[in-house]
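Chemist: Counted the way our numbering counts, the sequence shown spans residues 95 to 555. We put the CB at the ideal spot given by N, CA and C, even for glycine.
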Amino acid sequence: MGRVKSCDLVVRGGRVTGPDGVRVADIAVTGGKIADVLPAGSTVAGAEEINAAGRFVLPGLIDSHVHFRTPGLTHKEDWAHASRAAVAGGVTTVFDMPNTRPATFTPADARAKDTEVRGTSLVDYRFHAGVNPDDVSSLAAFEPAEAMTAKAFLTGHHTAPHVLRDPGRLDELFAVAKRRGLRLLFHAEDDDVFALLDEWQGTPSTYRDYERFRPRSGGIVAVAKLIELARRHGTAAHVLHVSSREEADLLTAAGATGLPVTWEVTGHHLSFTAADTARYGSRIRLSPAIREQADQDRLWDAVLRGEVSTVGSDHAPHAFEDKVLDAPDAPPGLPGVQELFPALYTGLRRRVPDATPDELLPIVTRVMAAEPARLFGLAGRKGAIAPGRDADLVLFDAAENWSLRPEDVQAKCGWTAYAGWLFTGRVERTIRRGRTVFSRSGGFGAPEGEWLTPSAVGAGR
């Protein structure tokens, strides 16, 4: 395209970052879209100009795994608070999970959810449809505008009551999704394994017992079944919040053979181990459980090697008074959308201390921008800094050391498991479609986030 001479916004002289590397450039924005990416020092003029010299400029990050609790669970979180937490962490697009009240089982549920969210969101958004375990064929009613992805729970917990247990219906689900071109997402732990263990050993008596009562065997069994179903049907499947080294090995091997299987790791599983439970207790209770150091090491290796497709927050807040209930009753889940990017980048710095930000930030853009956009139907609009894409940008100081104070927490629950952590790297400004929605000096922008129209779900892996 021809070089633009004037535009709405110019972001000047930043270290523009993508999966393939970093370059110093000027970014010209018109009508909420990136009009051009020009050599630094260009003569393009902007009605608004932002000096990004000395800062990295990343594409707006995509968190493809959030529970913003709308509708029906807004005493735990609501979209206004959650979207403020997102943009404070550099996230401009989210994919919300379906286990709300009511669950997002039908196109009407999705439209009603949009009606409730609209006008409160600082981020753009899409919804993952929910798999109704009593009628998996109902997914066929979704048009691409309503959902191109669907999540099934293979085990349940406090906020996930709809569990797909029947093997015949799971097989049917893969067939329906293949016919409709849907990518399936899974909470992949086998409920029968857990039921057997519960019958034998009962419920945990302390927080530290939790991991033993929800062990890796549940995930390993479920992942093995899903790989075989993906092989049989050719259906794209994405396994969420992988927690163990065995699951990581199985999923990586499946992808390497060409099966349409991808997987996610969460910031929480990269940040905490079972040993941390002595200090944090139920604040870090997750489903799947936090596992051992060797598991965390394997997950980090997978991020660094490019085996992991996405890193998500699994942002799932609960009121603190719920989290401190007795061990059997404390629900799994914690806030994380605000903490995800700093936790991921800080972890990368600690894992590879000799690497430069120019080497590490492209990893962030791959797992939190380019790959989520490709896999979940936003390729061509989100996930990269390129002409024609939405002008979603994050200005990032890669050197600043800081801690998340209680007054900085934007989630409605008001607490963070990362209290007292020393992060390296801080979001200074978040821009969504050409407008600043967060800056450290100016606060938050207007809640004009949109329910996005998809392009096409990325084929295969």
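My output table needs one value for K127: the three-state DSSP class, helix, strand or coil.
Modeler: DSSP places K127 in strand when its eight states are reduced to three.
Chemist: Consult DSSP for L345 and reduce its assignment to one of helix, strand or coil.
Modeler: It is helical.
Chemist: Taking the runs of the alpha helix (DSSP H) that are 4 residues or longer, which of them lie wholly in the stretch 166-242?
Modeler: DSSP runs (the alpha helix (DSSP H)) wholly in the stretch 166-242: 173-182 and 201-211.
Chemist: Could you tell me the distance, in whole angstroms, from the CA atom of R117 to the CA atom of E322?
Modeler: Approximately 43 Å, taken between the alpha carbons.
Chemist: So which of R302, G108 and S403 has the shortest CA-CA distance to I457?
Modeler: Measuring from the Cα of I457, the nearest candidate turns out to be S403.
Chemist: Once the 5 residues before and after E465 are set aside, which same chain residues still bring their CB inside 6 Å of it?
Modeler: So the list reads S403 and T404, once near-sequence residues are dropped.
Chemist: Do P548 and R220 come within 8 Å of each other at the CB atom, strictly closer than that value?
Modeler: Yes, Cβ-Cβ distance for R220 and P548 is below 8 Å.
Chemist: Where P562 and G536 are concerned, what is the direct C-alpha to C-alpha distance, given to the nearest angstrom?
Modeler: The question about residue 562 has no answer here: the residues shown for the chain are numbered 95 through 555.
Chemist: Determine, using beta carbons only, whether A223 and P196 come nearer to each other than 8 Å.
Modeler: Not in contact: A223 and P196 (Cβ atoms no closer than 8 Å).
Chemist: Look at the alpha carbon of L498 and the alpha carbon of G108, and state the distance between them as a whole number of angstroms.
Modeler: Distance between the alpha carbons of L498 and G108 is about 25 Å.
Chemist: To the nearest angstrom, how far is it from the Cα of R523 to the Cα of L152?
Modeler: Answer to the nearest angstrom: the Cα atoms are 11 Å apart.
Chemist: As a quick exercise: from S337, T518 and F470, pick the residue whose alpha carbon is nearest that of Q387.
Modeler: When each option's Cα is compared against that of Q387, the closest is S337.
Chemist: Keeping to the same chain, check which residues put their C-beta closer than 6 Å to that of A182; ignore five residues upstream and five downstream.
Modeler: Same-chain partners within the cutoff: Q432, Q504 and F532.
Chemist: Assuming V110 is part of the alpha helix (DSSP H), what are its boundary residues?
Modeler: Taken as a continuous stretch (DSSP letters only), V110 belongs to no alpha helix (DSSP H), being part of the beta strand (DSSP E) at S100 to G112.
Chemist: With a threshold of 16 other CB atoms inside 10 Å of the CB of R308, please say whether the residue is buried or exposed.
Modeler: With 16 or more Cβ atoms within 10 Å of its Cβ, R308 is classed as buried.
Chemist: So, helix, strand or coil for T440, using DSSP?
Modeler: Residue state, collapsed to three classes: helix.
Chemist: Does the separation of the CB atoms of A246 and V225 fall below 8 Å?
Modeler: Yes, the Cβ-Cβ distance between A246 and V225 is below 8 Å.
Chemist: Output needed for R483: all residues of its chain with C-beta closer than 8 Å, excluding positions within five of it in sequence on either side, in chain order.
Modeler: Here the set comprises K127, I128, P153, G474, R475, K476 and G477.
Chemist: H363 and H335: beta carbons closer than 8 Å?
Modeler: Yes, Cβ-Cβ distance for H363 and H335 is below 8 Å.
Chemist: Tell me the DSSP secondary structure of D408 in three-state form.
Modeler: Correct three-state label for D408: coil.
Chemist: Counting only runs that start and end within the stretch 346-382, where is the beta strand (DSSP E) found for 3 or more residues in a row?
Modeler: DSSP runs (the beta strand (DSSP E)) wholly in the stretch 346-382: 355-360.
Chemist: Please confirm whether E283 and A316 have their CB atoms less than 8 Å apart.
Modeler: Yes, the pair counts as a contact, with Cβ atoms nearer than the cut-off.
Chemist: Please report the straight-line C-alpha distance between R345 and T360, rounded to a whole angstrom.
Modeler: The question names Arg, yet the displayed sequence has Leu at residue 345. About 16 Å.
Chemist: Quick one: give me the first and last residue of the alpha helix (DSSP H) that W294 is part of.
Modeler: Note, W294: alpha helix (DSSP H), D285 to Q295.
Chemist: Which first and last residues belong to the alpha helix (DSSP H) in which D389 is found?
Modeler: First-last of the alpha helix (DSSP H) with D389: Q387 to R399.
Chemist: Are the beta-carbon atoms of K170 and V138 separated by less than 8 Å?
Modeler: Contact flag unset, no.
Chemist: Just to confirm the assignment, what range does the beta strand (DSSP E) spanning H332 have?
Modeler: Taken as a continuous stretch (DSSP letters only), the beta strand (DSSP E) holding H332 covers A331 to V333.
Chemist: Going by DSSP, what residues sit across from F150 in a beta bridge?
Modeler: Bridge partners of F150: R109 and F490.
Chemist: Helix or strand or just coil, what does DSSP make of I156?
Modeler: Strand at I156.
Chemist: Thinking C-beta only, is T164 closer than 8 Å to T124?
Modeler: It is not a contact, given that the beta carbons lie outside the stated cut-off.
Chemist: Is it buried or exposed, P422, if we count other Cβ atoms within 10 angstroms and call 16 or more buried?
Modeler: By the neighbour-count rule (16 or more Cβ atoms within 10 Å), P422 is not buried but exposed.
Chemist: Going straight from the alpha carbon of V355 to that of A141, what length do you get?
Modeler: Answer to the nearest angstrom: the Cα atoms are 45 Å apart.
Chemist: Over the uninterrupted alpha helix (DSSP H) stretch that includes H327, give me the two end residues.
Modeler: From DSSP, the alpha helix (DSSP H) with H327 extends over R310 to H327.
Chemist: Please work out which residues of its chain come closer than 8 Å, Cβ to Cβ, to A324, disregarding the five sequence neighbours upstream and downstream, and give them in chain order.
Modeler: Answer for A324: F268, A330, A331, A348, L353, P354 and V355, listed in chain order.
Chemist: Give me the residue from L487, V521 and T300 with the minimum Cα distance to D420.
Modeler: Ranking the options by Cα distance to D420, first place goes to T300.
Chemist: Please report whether the beta-carbon of D229 lies at a distance below 8 Å from any beta-carbon of chain C.
Modeler: Any reference to chain C falls outside this structure, which holds one protein chain only.
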